[in-house]
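Take a look at the structure below.
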Amino acid sequence: MRDDDQEKPLAPATKPDPPPISIDEALSIELRIQNKGFRNRTICCGIVTAIILIISVIMLVLGFTVLHVKNPKINMNAVTIIGLDRVNFTNLTVVADVSVKNPNVAAFKFEKSNSSLVYRGTVIGVADVPAGVAKARRTMRLNVTFDVEIAGGYKQLGGDLTEGILPVESYTKIVGRVKILSIIKRKVTVTMNCSIAVNVTSREIDNQGCKKHVSI
114 MRDDDQEKPL
124 APATKPDPPP
134 ISIDEALSIE
144 LRIQNKGFRN
154 RTICCGIVTA
164 IILIISVIML
174 VLGFTVLHVK
184 NPKINMNAVT
194 IIGLDRVNFT
204 NLTVVADVSV
214 KNPNVAAFKF
224 EKSNSSLVYR
234 GTVIGVADVP
244 AGVAKARRTM
254 RLNVTFDVEI
264 AGGYKQLGGD
274 LTEGILPVES
284 YTKIVGRVKI
294 LSIIKRKVTV
304 TMNCSIAVNV
314 TSREIDNQGC
324 KKHVSI
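Per the working numbering, the sequence shown starts with residue 114, numbered consecutively.
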């Protein structure tokens, strides 16, 4: 058999060339791709904007509610005078029951300060107010003790004791700080001036008027 009679291998099949794309079709495809990318970018920007807006609203609400620093309050609850039962007294001990109310969601830390006791325009005693911490939304009680020296006496003291009412005034200043979430830090100074009428017999407050001032 001759070599010419052998079967020749078939030529590989070739795919037909795709039909040519017109300029209009190419522009249409390009526009669809660009529009899709623009929509994706628009959606992403919208999501980011919405998240920022939600966070801003939450922070604004928290700023007016939870994160808002409220003014601490100090009150004079009671006054006890020790030594009035003595026949001849040269000194008295005055113990004032003071409370520090903290309405904030964080602790109110205050420094050591002092309180003055005034009788008929004269300072008769100064007491230390120890440093402390009023816990969040709690009230802290303090005993402030004055040692009053009756050196030489006071002209009107005998008359006041006879009438059974001892008029005194107190001046208390507390300086502290409120820190919320380590973000908001606020220094607060609270002052209180009280005019107190102490009943000599019952050793309790008959009448009290206090003026308070808070500076931030």
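Where a beta carbon is used, it is the ideal one built from N, C-alpha and C, also for glycine.
| query | result |
| --- | --- |
| Touching by the beta-carbon criterion (3+ pairs, under 8 Å), the segment 185-200 and the segment 313-327 | yes |
| Contact check, I187 vs V281, beta carbons under 8 Å | no |
| D260: first and last residue of the uninterrupted beta strand (DSSP E) it sits in | 251-262 |
| Beta-bridge pairing of P280 - partner residues as DSSP gives them | A310 |
| Euclidean distance between Cα positions of K300 and F221 | 10 Å |
| Contact under 8 Å by Cβ, E224 with A244 | yes |
| 3-residue-minimum beta strand (DSSP E) runs that sit fully inside the segment 202-245, ordered along the chain | 204-215, 221-223, 226-232, 235-242 |
| Contact with chain C by V257, beta-carbon distance below 8 Å | In the displayed structure, chain C is absent; only one protein chain is listed. |
| Spatially closest choice to L270 from L294, T235, S283, by CA coordinates | T235 |
| Same chain, Cβ closer than 8 Å to V239, neighbours up to 5 away in sequence not counted | N227, S228, S229, L230, F259 |
| Sheet register partners of T304 (DSSP bridge) | K286, H326 |
| Burial state of C158, where buried means 16 or more other Cβ atoms lie within 10 Å | exposed |
| Rounded C-alpha distance that separates H181 from E262 | 45 Å |
| Nearest to S212 (by Cα), restricted to the options R233, I165, M253, A249 | M253 |
| L205 burial status per 10 Å Cβ neighbour count (16 or more: buried) | buried |
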